[in-house]
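Below is one structure, written out as structure tokens; the observations come after it.
Numbering (the working numbering), first residue to last: 41 to 285.
This is how it looks when you write it as structure tokens:
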């Protein structure tokens, strides 16, 4: 009899433990569904309301699509025409030497600078030998050639930089056409960087123009000095001739 009771008690104990274990999980699931589930539902509702606020008030979807469409239409309408303006070649040289020089000058490649310098010497000649011209004239010729070549090289580099800037502008236009809400600060920063780069190239070209103008003024001033010295020499010769007689 005692043995039978022990066996029955041993069989009932695991069933009670298993039942208690299941009841714990039932309590957890019930808490998730009632307490946490309600909180998650409220969060989702708030999220939907915020999204609706963005789409209707802050970033209206219709206005965004209209702006994107305007940018896309502008790209399709004007980009090819603008590219034709920037890439149209205006060749006017007739002789082979000047034609080669003009082709190099409009190549828009900084790697052509050595060839440009060689072609410049071929078309405009070299500085005369020491016994073929006055020392002052040789110096002026050398300075004029140096300034001319420097500015031509700067122009070639600026043309290449212009192509890079135009490519960056096309990329930014494409990004604007497909931009998403919140990306405006990044696009604005990118545009400001491109603008600073353009300003730097413009300042470089202005500096080259100022150097060229300064060289021209110095050249004209040197001619005035040369004429003054020549006039002084003539006056001395005339004065000497009159004195001797």
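Here a beta-carbon is modelled for each residue, glycine too, at the ideal position from N, C-alpha and C.
Assuming residue i is part of the alpha helix (DSSP H), what are its boundary residues?
{"i": "residue 131", "result": "Premise fails: residue 131 is in no alpha helix (DSSP H) and is neither H nor E."}
{"i": "residue 219", "result": "No alpha helix (DSSP H) holds residue 219; DSSP gives it neither H nor E."}
{"i": "residue 154", "result": "153-164"}
On the CB-based measure, 16 or more other CB atoms within 10 Å of its CB, does residue i come out buried or exposed?
{"i": "residue 55", "result": "For residue 55, the predicted model reports a pLDDT of 49, less than 50, meaning its position is unreliable and no value from the coordinates is stated."}
{"i": "residue 216", "result": "buried"}
{"i": "residue 246", "result": "exposed"}
{"i": "residue 223", "result": "exposed"}
{"i": "residue 229", "result": "exposed"}
{"i": "residue 240", "result": "exposed"}
{"i": "residue 242", "result": "exposed"}
{"i": "residue 250", "result": "exposed"}
{"i": "residue 126", "result": "exposed"}
{"i": "residue 61", "result": "Note on residue 61: pLDDT 49, under 50, position unreliable in the model; no value is reported."}
{"i": "residue 135", "result": "exposed"}
Within the segment 246-276, ranges of the alpha helix (DSSP H) (whole runs, at least 4 residues)
none
Segment contact flag, the segment 189-204 with the segment 138-152, C-beta cutoff 8 Å, min 3 pairs:
yes
Does the segment 83-97 come close enough to the segment 202-209 that 3 or more CB-CB pairs lie under 8 Å?
no
Are at least three pairs of beta-carbons, each pair with one atom in the segment 253-263 and one in the segment 176-185, less than 8 Å apart?
yes
Does the count of Cβ pairs from the segment 116-132 and the segment 150-164 closer than 8 Å reach three?
no
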